[in-house]
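J.: These protein sequences, in sequence, are chains A and B.
Sequence positions in the first sequence follow our numbering and run 1 to 416.
Sequence positions in the second sequence follow our numbering and run 417 to 832.
Glycine is no exception: its CB is placed at the ideal position from the N, C-alpha and C atoms.
There are 2 protein chains.
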Amino acid sequence: MSDRIRARYRIETATDVRRAAETMAGEQSSGTFLAVPGETPELKRRSGARIEQIELLDAVETPGLPGAARGPRYQRAEVELSWPLENPGVSLPNLIATVTGNLFELQAFSGLRILDLELPGAFAERYPGPQFGVEGTRRLSGVEGRPLIGTIVKPSIGLDAGETADLVDTLCQAGIDFVKDDELQADGGRCPFEERAHAVMRVIEDHAQRSGKKVMYAFNITGELDEMRRRHDLVAELGGTCVMASLNSIGLVGMLELRRHARLPIHAHRNGWGYLSRHPMLGWSYPAWAKIWRLAGADHMHVNGLRNKFCEDDASVIASARSCLTPMFADKPCLAMPVFSSGQSAAQVADTHAALGSTDLIHAAGGGIMGHPMGVAAGVASMVQAWRVAVEGGDPAAFPEFRAALEAFGKSTSGR
Amino acid sequence: MSDRIRARYRIETATDVRRAAETMAGEQSSGTFLAVPGETPELKRRSGARIEQIELLDAVETPGLPGAARGPRYQRAEVELSWPLENPGVSLPNLIATVTGNLFELQAFSGLRILDLELPGAFAERYPGPQFGVEGTRRLSGVEGRPLIGTIVKPSIGLDAGETADLVDTLCQAGIDFVKDDELQADGGRCPFEERAHAVMRVIEDHAQRSGKKVMYAFNITGELDEMRRRHDLVAELGGTCVMASLNSIGLVGMLELRRHARLPIHAHRNGWGYLSRHPMLGWSYPAWAKIWRLAGADHMHVNGLRNKFCEDDASVIASARSCLTPMFADKPCLAMPVFSSGQSAAQVADTHAALGSTDLIHAAGGGIMGHPMGVAAGVASMVQAWRVAVEGGDPAAFPEFRAALEAFGKSTSGR
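(1) In chain order, what residues of the same chain have a beta carbon less than 7 Å from the beta carbon of B/Ala813, not counting five sequence neighbours either side?
(2) Tell me the DSSP bridge mates of B/Val755?
(3) Against chain A, which members of the segment 573-603 of chain B pass a CB distance test of less than 8 Å?
(4) Let's see if you can read the secondary structure: which residues bound the beta strand (DSSP E) around A/Arg8?
(5) Measuring only between beta-carbons, confirm whether A/His261 sits less than 7 Å from chain B.
(6) Starting from the Cα of A/Ser246, find the closest Cα among A/Glu224, A/Ile204, A/Arg46 and A/Thr164 and give me that residue.
(7) Extract the residue ranges of the beta strand (DSSP E) inside the segment 611-639 of chain B, only unbroken runs of 3 or more that lie entirely within it.
(8) B/Gly713 touches chain A at which residues, Cβ-Cβ below 8 Å?
(9) Are the CB atoms of A/Ala350 and A/Ala408 within a distance shorter than 7 Å?
(10) Report back the beta-carbon spacing between A/Ile96 and A/Ile292 to the nearest angstrom; my notes put them in contact at under 8 Å.
(11) Answer with yes or no whether the minimum CB distance from B/Gln523 to chain A is below 7 Å.
(12) Taking B/Lys596 as part of the beta strand (DSSP E), name the residues at either end of that continuous run.
(13) Does the count of Cβ pairs from the segment 359-375 of chain A and the segment 422-436 of chain B closer than 8 Å reach three?
(14) Between the beta-carbon of B/His683 and the beta-carbon of B/Ala634, is there less than 7 Å?
(15) With respect to the alpha helix (DSSP H) encompassing B/Val584, which residues constitute its N-terminal and C-terminal limits?
(16) Ignoring anything shorter than 3 residues or poking outside the segment 457-536 of chain B, list the beta strand (DSSP E) runs there in chain order.
(17) Counting C-beta neighbours from all protein chains within 10 Å, is the total for B/Ser445 16 or more, i.e. buried, or is it exposed?
(18) With a threshold of 16 other CB atoms inside 10 Å of the CB of A/Gly188, please say whether the residue is buried or exposed.
(19) Between B/Ala824 and chain A, is any beta-carbon pair separated by less than 7 Å?
(20) Mind checking whether A/Asp299 and A/Pro327 have CB atoms under 7 Å apart?
(21) Which bits of chain A does B/Gly670 rub up against, with CB to CB less than 8 Å?
(22) Might you give, ordered along the chain, the residues of its own chain that have their beta carbon closer than 7 Å to the beta carbon of A/Val17, omitting 5 neighbours on each side?
(23) Where does B/Thr456 land, buried or exposed, given buried means 16+ other C-beta within 10 angstroms?
(24) Quick check on the burial criterion: 16 or more other C-beta atoms within 10 angstroms. Buried or exposed for A/Thr62?
(25) Taking the alpha-carbon of B/Ala706 as reference, which of B/Leu587, B/Ile565, B/Leu822 and B/Cys750 has the nearest alpha-carbon?
(26) Output, in chain order, the set of chain B residues within a Cβ distance shorter than 8 Å of A/Glu194.
(27) Among residues of its own chain, excluding the 5 on either side of B/Ala441, which ones have a beta-carbon nearer than 8 Å to its beta-carbon?
(28) On the three-state DSSP scale, how would you describe A/Ala397?
(29) Please state if the CB of B/Tyr543 and the CB of B/Leu650 are separated by a distance shorter than 7 Å.
(30) Please state whether DSSP places A/Ser156 in a helix, a strand or coil.
(31) Please name the residues in the segment 377-389 of chain A whose beta-carbon is closer than 7 Å to at least one beta-carbon of chain B, in chain order.
(32) In this structure, does DSSP put B/Thr742 in helix, strand or coil?
(33) Are the segment 198-215 of chain A and the segment 652-668 of chain B touching by the rule of at least three beta carbon pairs closer than 8 Å?
(34) Spell out whether any CB of chain B is found under 7 Å from the CB atom of A/Arg210.
(35) Do the segment 579-593 of chain B and the segment 790-800 of chain B touch if we need at least three Cβ pairs shorter than 8 Å?
(36) Report, in whole angstroms, the separation of the C-beta atoms of A/Ile114 and A/Ser285, which I expect to be a contact under 8 Å.
Below, the structure is given as structure tokens:
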């Protein structure tokens, strides 16, 4: 690990690739469009971004994005740049301006996407990372040796506090490990946060008294800073074990302040991720983006799921999840528990395990649990059984709930 | 103004447009992929998003974005949805999840972009809006009847505090109204914030003593919350009149807290905007995005400039700037001063005035001022002269500095 910040990009350009990379390096450090008198060779050597590597990929005939300088063909490449740490300093907010900033608007590029980030150890010293991560989440939920099986309160929005608690009651009885609010439900007029927290925690505590198992409920505390702190404190007082926040709604300063305040795991929701990532030649790749939030303190990170109902392909989902489980620094791994969701059921378990090679995840299923033909408890059981078979081997036919799930939700093993 | 939240989108889909719009409305309110027992007709009527309008546009043969459901052709349309205010409540962070959220990842769409937002008056009651806006900025800078003529410290990064102050000295002598830090320079190791603030404000106060004119300097205070507050306070103590923050680095909670604390105008930098907007069928349009930040308290909003050095066309730049000067609410207009920059000089003034129909802007030029053939003071003079001619009429030839700028930077009036 050097004392330089490194970032890797996928680019596409009609101009010479090296010249394009020089434009990137200039724009994001000492240069500008015009040569200015102050940019001396010495200043440039000291403060300029450096091109570390260029790897040519394929060339295409149609530009990925409109608005760029045209040419007969558009060369794709991977480019790695590096910056002196002293440019932004050890500051996550200013790091973002340095590694992204105006890059995506440059005319030289018909495609530009940040793929990954590598940060000097000083970032690990300054920033907290996850407070709970995988181990803390397992400790609080009491689930070992398999993923936490979870679900989301549905309908997304429209239930009042009592109706939400009734649903949670059903889920607790069914043996669920983890439940989360939908990202659309935080403190709506029909389901105010405080009422919901009281009603839901009453149910969860009742079940915990009887069964010894406290279901982890991720309360969506997304809001302004004082609201998030207040809501977090209420959840903690009521015996709750998790809070959730929408990263793209609160932003990095909100997350850093929440982490500073929190004594519960932070379930980080990525809704809005599509506008950051949907085009493969634009925006952020998940590993780069997630590193910022992991370092800021996210304990759980959403990664979509295999054969999901959205646009993302399986390879991308697995790369995202793996990145969350790959150490960022030797002495501060900042591992976050990946959250698999969207169209999930017992039918995706074998492939998920095979591709990820780990059980350190939250596996959230909506229809796969609530819509199980034998009922909600069978839905939960089918997920637990599927993970047992995936890890230990065995015949799905020996587990009626798992078998029923495969029949209902399909047993295709081919990802898109 | 109703008590519903409204959002307008541009979409592209291979499926039936109304069904696609229903998918949007369902995903972002009470629905989910699967019919769930709790989503009763009554709940749906009460809490569901509603399709207010669908307007068909053209159809295309190639999908705008990959990953979507395929078809022989892809129909484009504008869709307006509305939500009951009680869904997210009067909450900007939760509004974001409601109007964007997972929409951009839905398989039904090969394009989806949010175009505009209309909010109930309750948002105007809860949120502060700009503290200074156009009037306050004019009062603090003493500039009336024309734009503030501005520039950016260049090289972007690499100068130390003393070198920055020397450059500011030159600019003050040249008669500039406004100077800003580059977004890459906040509190770097070579140019620590406090040193820079002291050195720059010493120069600005000296000039103000002599000339009676206090140059407005937007100090980039981007950082964590306590850093931003401390830096803001230092600037205020030193007699400074503006602070700057990178919106995509700090996020909405950071901005709301900064606004709560601030007693100086907030110069809102949009770097990173490209990853939110570069593809015309994805992400955010500026008017929708800027409304959130205006309501949160941004006084100045970057909008790029005519014939800029980036990818954005002139029509989009002008639409952005106009949106900042268009009232959001009758009793709370939330007008922010648009900041034109990127490749600007006196050569774009006439077109900018003609297209915008206003002088309420900050017109920032780098090369157009620093690279003026007759020197920096002539660069500033050329901008002032160009605006006088644009507003009052007259012959550019009567102004040697303006004439020289036109000769040096081109007089083309055709935008891209």
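T.: With the given structure in hand:
(1) To locate residue 813 of chain B, count along the second sequence from 1; it is residue 397. The residues are Arg819.
(2) As a first step, residue 755 of chain B must be located in the second sequence, where it is residue number 339. Partner(s): B/His718 and B/Ile778.
(3) Per Cβ criterion, the list reads Ile573, Gly574, Leu575, Glu579, Leu583, Glu599, Leu600, Ala602 and Asp603.
(4) Position 8 of the first sequence, counted from the first residue, corresponds to residue 8 of chain A. First-last of the beta strand (DSSP E) with A/Arg8: Arg4 to Thr13.
(5) Numbered from 1 along the first sequence, position 261 holds the residue referred to as residue 261 of chain A. Output row for A/His261: interface = no.
(6) On the first sequence, residue 246 of chain A is found 246 positions in, with the first residue counted as 1. Residue A/Glu224 is the option with its Cα nearest to A/Ser246.
(7) Entirely contained in the segment 611-639 of chain B, the beta strand (DSSP E) runs reaching 3 residues are, in chain order, 632-636.
(8) Residue numbering aside, residue 713 of chain B sits at position 297 when the second sequence is read from its first letter. Neighbours of B/Gly713 in chain A, taken as residues at a C-beta separation under 8 Å, are lacking, since the least C-beta distance is about 12 Å.
(9) Indexing the first sequence from 1 puts residue 408 of chain A at position 408. Indexing the first sequence from 1 puts residue 350 of chain A at position 350. Their beta carbons are not under 7 Å apart, which means A/Ala408 does not touch A/Ala350 by this criterion.
(10) Stepping through the first sequence from its first residue, residue 96 of chain A is reached at position 96. Stepping through the first sequence from its first residue, residue 292 of chain A is reached at position 292. That pair is a contact at about 7 Å.
(11) Along the second sequence, read from residue 1 onward, the residue named residue 523 of chain B stands at position 107. So yes, B/Gln523 belongs to the interface.
(12) The residue you call residue 596 of chain B lines up with position 180 of the second sequence. Counting along the chain, the beta strand (DSSP E) containing B/Lys596 begins and ends at Phe594 to Lys596.
(13) No contact exists between the segment 359-375 of chain A and the segment 422-436 of chain B.
(14) One-based indexing of the second sequence puts residue 683 of chain B at position 267. One-based indexing of the second sequence puts residue 634 of chain B at position 218. The criterion of a C-beta distance shorter than 7 Å is satisfied by B/His683 and B/Ala634.
(15) Residue numbering aside, residue 584 of chain B sits at position 168 when the second sequence is read from its first letter. Looking at the DSSP string, the run of the alpha helix (DSSP H) that includes B/Val584 is Ala577 to Gln589.
(16) Counting only runs of 3 or more, we get 466-476, 490-500 and 525-534.
(17) The sequence position of residue 445 of chain B within the second sequence is 29, counting from 1. B/Ser445 is buried by the Cβ-count criterion.
(18) Against the first sequence, residue 188 of chain A aligns to sequence position 188. Burial call: buried.
(19) For the purposes of this step, residue 824 of chain B is taken as residue 408 along the second sequence, with counting starting at 1. For B/Ala824, the answer is no, since every Cβ of chain A falls outside 7 Å of its Cβ.
(20) Against the first sequence, residue 299 of chain A aligns to sequence position 299. Against the first sequence, residue 327 of chain A aligns to sequence position 327. No, the Cβ-Cβ distance between A/Asp299 and A/Pro327 is not below 7 Å.
(21) Translated into positions along the second sequence, residue 670 of chain B becomes position 254. In chain order, Pro93, Gly251, Leu252, Val253 and Gly254 make up the part of chain A whose C-beta sits under 8 Å from the C-beta of B/Gly670.
(22) Residue 17 of chain A sits at position 17 when you count from the first residue of the first sequence. Cβ within range, chain order: Ile54, Leu56, Gln75 and Ala77.
(23) Position 40 of the second sequence holds residue 456 of chain B. Burial call: exposed.
(24) The residue labelled residue 62 of chain A in the question sits at position 62 within the first sequence. It counts as exposed.
(25) By one-based count along the second sequence, residue 706 of chain B stands at place 290. Comparing Cα-Cα distances from B/Ala706 to each of B/Leu587, B/Ile565, B/Leu822 and B/Cys750, the minimum goes to B/Cys750.
(26) Here residue 194 of chain A is taken as the residue at index 194 of the first sequence, counted from 1. Using a Cβ-Cβ cut-off of 8 Å, A/Glu194 is close to nothing in chain B; its nearest Cβ partner there is about 13 Å away.
(27) Within the second sequence, numbered from 1, the residue matching residue 441 of chain B stands at position 25. Result list for B/Ala441: Gly447, Gly464, Ala465, Arg466, Ile467 and Leu497, in chain order.
(28) Within the first sequence, residue 397 of chain A is the residue found at index 397, counting from 1. Helix at A/Ala397.
(29) The residue given as residue 650 of chain B occupies position 234 in the second sequence. The residue given as residue 543 of chain B occupies position 127 in the second sequence. The Cβ atoms of B/Leu650 and B/Tyr543 lie no closer than 7 Å to each other.
(30) Position 156 of the first sequence, counted from the first residue, corresponds to residue 156 of chain A. Coil, per DSSP.
(31) So the list is empty, because no residue satisfies the distance condition.
(32) Residue mapping note: residue 742 of chain B aligns to position 326 of the second sequence, counting from 1. Correct three-state label for B/Thr742: coil.
(33) Taking a cut-off of 8 Å for Cβ pairs, the segment 198-215 of chain A and the segment 652-668 of chain B do not touch, as fewer than three such pairs fall below it.
(34) Mapped onto the first sequence, residue 210 of chain A falls at position 210. The beta carbon of A/Arg210 does not come within 7 Å of any beta carbon belonging to chain B, so the residue lies off that interface.
(35) Yes, since at least three Cβ pairs between the segment 579-593 of chain B and the segment 790-800 of chain B fall closer than 8 Å, the two stretches touch.
(36) Here the question's residue 114 of chain A lines up with position 114 in the first sequence. Here the question's residue 285 of chain A lines up with position 285 in the first sequence. That belief holds up - the Cβ atoms of A/Ile114 and A/Ser285 are roughly 6 Å apart, short of 8 Å.
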